[in-house]
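Below you'll find the structure, written out as structure tokens, and then a few comments.
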Amino acid sequence: MFSPPIDTLLIFALTTPVIGWITERVKKVQLCGAYSTLGLVISLWYIYELFGAISTGGSQTYTSFFSSQLRIDMLGVFMATIFVLIGIFASVYSLRYLERDTGIPLFYSLLLLMISGMVGTVFAGDFFTFFVFWEMMCISSYTLVAFRKQRWEPIEAAFKYLIMSSAGSATLLFGMSILYGMCGTLNFQGLALALSNVGSSVWLYVSAIFILIGLGVKSAIVPLHTWLPDAHSAAPSPISAMLSGVVVETGIYAICRVGFTILAGIEVQWLGVLAILSLVTMFVGNLTPLLQTDLKRLLAYSSIGHIGYMLAGLATGTVLGLTGTLMHIFNHGIMKGAAFLCAGMILYRLETREMKEMAGIGRKMPVTAAIFALSLFALTGMPPLNGFISELTIIMATVEANMAWLGIAVIVNSVISAAYYLRTIKALLQPITQKKVEEAKEGPLVMLIPLLIMAGLIIVLGIFPDILINFARSAAIALLGGG
Amino acid sequence: MSLTYGFAPWLCWALPTIGSVIHFVLPKGLGRARYAAVVLFSFMSWVMALLMLSSIPTHGYEELGGFWFSLPEGASVGIGILLDSLSIILANLVAFLSFLILVYSFKYMEGEPGENRYWFFMSLFIGGMLMLILANNFIFFFIGWKIVGLCSFGLIGHYYTDDRKYWIGGPPPHPFQKPSRCGLKALLVTTFGDVALLGGIIIIYLYSGTFNYVELYETAGVWLSKMSETPGILTITTLLLLAGPFAKSAQFPFHEWLPEAMAGPTPVSALIHAATMVKAGVYFVARVLPIFYFAAWVATPAIQEALVFFVVVAAVGGFTAFLAGTQAMVALELKKALAYSTMSVIGYMMLSLGVAGMSPAALVEGFTSGIFHLINHGIFKAALFLCAGVLIHASHSIYITDMNFSSKEMKFTWAFMWIASLALIGVPPLSGFWSKDGILLSCLESGQFALFLLAALTVAVTSFYTIRFMGIMFHKGHSVEKAHGDHKGEPSILMLLPYGILAVLTVGIGLIGPWVKESIQELFKDQFYALHMISAEHSVHASVSPIAEAVPIAVSLAMIAVGALPAYRAYISHKLDVSRILKRYEILRGLHVFLWNRWYIDAFFNKVFVNSVLASREPTAKYIEGGIDLALNVGIPRIFSGINNNIRKLQTGILSVNMLYILGFMLILIIAFLVLGVL
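First to last, the sequence lines map onto chains B and Z.
Per our numbering, residue 471 is the first one in the first sequence, and the count goes up by one each step.
Per our numbering, residue 134 is the first one in the second sequence, and the count goes up by one each step.
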């Protein structure tokens, strides 16, 4: 139907409520989570098979309902891998994390829908399919943010997210319709072909502006980022990990795809715009959390900073820059995912996000704290961890593209960000002041397993970056063509 | 993966590395059996080394590649292994000695504080040492090199609580040193060398574009000639490269850390400071020696500057051999005497490697003797240290003057220690004799008569101090006091066996000495041809006339007698009263003080490096640090918190404001597109 990985995810998403209904009757709701994890693993396997097929036979095309078209190339596979991978981590983690909540089948169903939406977005071969899957991802993510509906904060955050993101979707749709009006097709390749004949016109710019706004809201480019700190901190932690680690990056993917295929004619202009936006985004993202005391908000802001780095790589418009951006998407997914899951672990034990109240938690939860510190070091860009490699690649790409000022900005921002990351680590190590902390103990094993794997990846991808570099490079080449 | 070797070389260094954490993983309930597991890993590593041994003769060299990452300019750095005669022989030596020493420690360390830490560092050390020996490139080598250095820091400062009973130095009124300071000193001195070494490696990389040994050997002609175009570069590289091994192997002027490194537990002294770590420097010199030899003798046109390498190595080696030997003549602490002797013997090895490159005639003889001496010394010095550990435990004192043992009570220990001591002196037919003779011979072959004389003089010095400490400990003459009666008698079999095996080996290798040397020599010749492109014409092994060959033997025997006789009369048969002689001759008294104070080198370093740093402390704090501190720690945070407070106002949390931002963003985009030249 929509290529094996998406089909698997959709089938599992639709059958999870049934399984959930049964497992709730026999008081074994966790089985439902295990079931959907299985779906994700199978999907990852199919993505791996697709990878094999694409690396030998080039991009794959699938056609489905309403003549929607999927065109899967290396870039799509690259993005899908990280989506499903982080999805698996979040899903395993949620087995214990959500044990006190109700409606767990719904949660897993939505999680699977969100991931299938993301995978569909990156596999889409035309704007229509793209938009349908895009909205599928957005709508399930609103619901997931508001999953703990008994409290006001998630509801408010989800509502803000809904309004802003809908406004973004509307402008995106508007931009798309202008393109359709110009070219009479929504197929990406068709659009690219048609536009290269038409050349640039005012309408193309108008459409570009609307599309950039639409995608910019999702990818939290400053000043469209204001929904993000609320939504990411109010969501359940596995969902925060998903949102920060991969959902936001879907927007970056979309900018790449639309920018380099459809808007190739006005590349110089929008790359310039992106460079400026990148600068603003990274500075705002890293300066705002300096004195933040809410742990998850701090991490959410830091995501904005990292979006800035990714945009910097994009703004170079070269294969190296895109390679850096894609690597950073992958690495950031793992690092930020791990950081949010660790924050979630502390939240699970202490029920607080306030950093003052978790002083000294590292003494009571040493494994969690060690992984947390590791992921924060990686986020800072400390060698030999994976964040260093991708940030270095981005910086090298900016220098190569004669935009060294942007690379310097990335370095400066790394330094600034170190201030609040280190402050967080300091909070973990301070003397214990709260009684709650004194009584805390290490998190459950089920939640630690994904964290340990992520920590392993952070180190391994830092020391042996070549596999990831080659994967990201082939994805970048798939988009830009040539070497 | 080559079938000949299989996984043996990888497991060889990986096993002890894994073993270093095994006792943390095993359940606490197992008690000390956990440490036995560490010993087992070391044993398996030795077995792996033995497996490699079987394949030396049929292969010139073999590289087992492993890719790690590549540098921007294209040079790749791999976790690769180079197997040739040198690395396989040394890996066997290290793995074997380490295993025996770990067996000994199992009993020795029973009940000592911080045992977990001890086993972790020991096993990690062994892994690092094997890593640096087996590595096929400078980077992987350097990682092992640093692991070894850091572990040695941890082990020297093992008793970091600095309890009074762990102090070394003295006796009063002479100052004492605390273990933690000794560890720090070792780390500082060796790190200084390491940094220089890294600098040398980088310079070589800049010219050659590779870190890989085999590539370096193969392209030596190209990059060396490029390097020699700028006079001086090769000399600087040489000096930088040599600082590393000199510091690691405690050679002048970086030798001052080793005597104080004796603050660690005795097995540590045996493992690190006699058998293995200090040999790492010798290994490195042997590893890069062919490159410089190639430059000086094989390359056309010959690069004269490369000879600096050999001159420095030989001169420093010869001088250190003498310097340290004389200091051992007055040492009162048993382990310190052994430490000085270690420095002295390593000086011999360096000397041997140095003269090897001074004349093509001496290459094979010098290289072989150096490595042969390394093997022999590793074995007998480890035996000596292990015996020393037993004696120190039994007498509760680190001073030889407090020790009063009789050969009857500790028959085996006494015999084993004498065997090892005689090997150290170089008495035929023990192993030390053959290699020392080879070194003297190669000095003659290369025509370095001054160095020959220095080495010969050191033979006398060696035999004096060895007989002195043995005599004072075992042959006091007057009846044995029963003060520490409980502890007399042979130690546990687990401790006795390791040094027993080593002593037997010393005799065994000695008996077949010429044959062993011959076979090592053949191996190295093959290696030179296969790996280093140094062919037979370039290493003339002049057939020395029997008379010339007899000269070093005769000299060496004569010098042994020169040193041994007074020592025997003074310390064993007690015909001479040393204190009376000292009283009579002013000059001897002066000499004693001079030697006791280690030629004042340590005092000089302390004055220049330590005191000057301390003196600059206050002005720095007052004039420099204060201002920087104010600017960095008060100024910058203030700026950022100001920015932060303003920028946070962006995040209003009001939805309608957020929606306005979207409009604002649209405006920004329009302006940006306009500015970037649309219309």
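Don't be surprised by glycine CBs; every beta carbon is placed ideally from N, CA and C.
Just so it is clear, the structure is predicted and the values come from calculations on it, not from any experiment.
Within a 10 Å sphere around the beta-carbon of Tyr756 (chain Z) sit fewer than 16 other beta-carbons, which makes this residue exposed.
Put simply, of Z:Leu698, Z:Tyr532, Z:Trp547 and Z:Phe607 the residue whose alpha carbon is nearest the alpha carbon of Gly303 (chain Z) is Z:Tyr532. Straight across, the Cα-Cα distance linking Lys318 (chain Z) with Ile746 (chain B) is about 53 Å. If you look at Gln659 (chain B), you'll find it in the alpha helix (DSSP H) that goes Phe658 to Val668.
From the listed residues B:Ser670, B:Ser671 and B:Lys619, the smallest Cα separation to Ala704 (chain B) is found for B:Lys619. Contact of Ser596 (chain Z) with chain B is not assigned, every C-beta pair being separated by 8 Å or more. Between Met825 (chain B) and Thr894 (chain B), the C-beta spacing is below 8 Å. Annotated three-state conformation of Ser153 (chain Z) is helix, per DSSP.
Relative to the Cα of Asn791 (chain Z), the nearest Cα in the group B:Ile574, B:Tyr516 and B:Thr696 belongs to B:Thr696.
One thing to note: His702 (chain B) has its Cβ within 8 Å of the Cβ of Leu713 (chain B). For the segment 695 to 712 of chain B, the set of residues with a beta-carbon nearer than 8 Å to any beta-carbon of chain Z comprises Thr696, Trp697, Pro699 and Asp700, in chain order.
Annotated as distal: Leu440 (chain Z) and Ala447 (chain Z), with beta-carbon spacing of 8 Å or more.
About 5 Å separates the CB atoms of Thr591 (chain Z) and Phe455 (chain Z); that is less than 8 Å, so the two are in contact. By the rule that beta-carbons nearer than 8 Å mark a contact, Ile214 (chain Z) does not touch chain B.
With 16 or more other Cβ atoms inside 10 Å of its own Cβ, Arg420 (chain Z) counts as buried. The Cβ neighbour count for Asp762 (chain Z), taken over all protein chains shown within 10 Å, is under 16; the residue is labelled exposed. Identification of residues in the segment 612 to 628 of chain B having a C-beta nearer than 7 Å to some C-beta of chain Z yields an empty set.
Per the C-alpha coordinates, the member of Z:Ile276, Z:Tyr598, Z:Val355 and Z:Glu542 positioned closest to Thr324 (chain Z) is Z:Ile276.
Residues of chain Z with a Cβ closer than 9 Å to the Cβ of Tyr578 (chain B) do not exist; the shortest Cβ-Cβ separation is about 30 Å. By the rule that beta-carbons nearer than 8 Å mark a contact, Ala805 (chain Z) touches chain B.
Around the beta carbon of Ser187 (chain Z), a 10 Å sphere encloses fewer than 16 other beta carbons of the protein chains shown; the residue is thus reported as exposed.
Within the segment 627 to 641 of chain B, contact with chain Z at the beta-carbon level (separation under 9 Å) is assigned to Phe629, Lys630, Ile633, Met634, Ala637, Gly638 and Thr641. Of the residues assessed, Pro364 (chain Z) falls on the exposed side of the cut-off, its CB having fewer than 16 other CB atoms within 10 angstroms. Looking only at Z:Gly760, Z:His291, Z:Asn270 and Z:Leu690, the smallest Cα-Cα distance to Pro400 (chain Z) is reached by Z:His291. Residue nearest to Val684 (chain Z) within the set Z:Leu573, Z:Ile769 and Z:Asp535 is Z:Leu573 (criterion: CA-CA distance). At the C-beta level, Ser575 (chain Z) and Asn509 (chain Z) stay beyond 8 Å of one another.
Taking a C-beta distance under 8 Å as the contact criterion, Gly830 (chain B) and Gln900 (chain B) qualify as a contact pair. Interface flag for Leu682 (chain B) against chain Z is set, since a Cβ pair is found closer than 8 Å. Contact between Met185 (chain Z) and Pro142 (chain Z) holds, since their C-beta atoms are separated by about 6 Å, short of 8 Å. Residue state for Asp295 (chain Z) is assigned as coil, using DSSP reduced to three classes.
Within the same chain, Val592 and Phe593 come within 6 Å of Gly546 (chain B) by CB-CB distance, once the 5 residues on both sides are set aside.
Listed as beta-bridge partners of Phe472 (chain B) by DSSP are no residues whatsoever. When DSSP reads this structure, Phe309 (chain Z) sits in a beta bridge with Z:Gly302. Relative to the Cα of Phe658 (chain B), the nearest Cα in the group B:Arg767, B:Thr838, B:Gly729 and B:Ser845 belongs to B:Gly729. Under the DSSP assignment, Thr531 (chain B) falls in the beta strand (DSSP E) whose first and last residues are Gln530 to Thr533. Close partners of Gln784 (chain Z) in chain B (Cβ separation under 8 Å): Thr696, Pro699 and Thr758.
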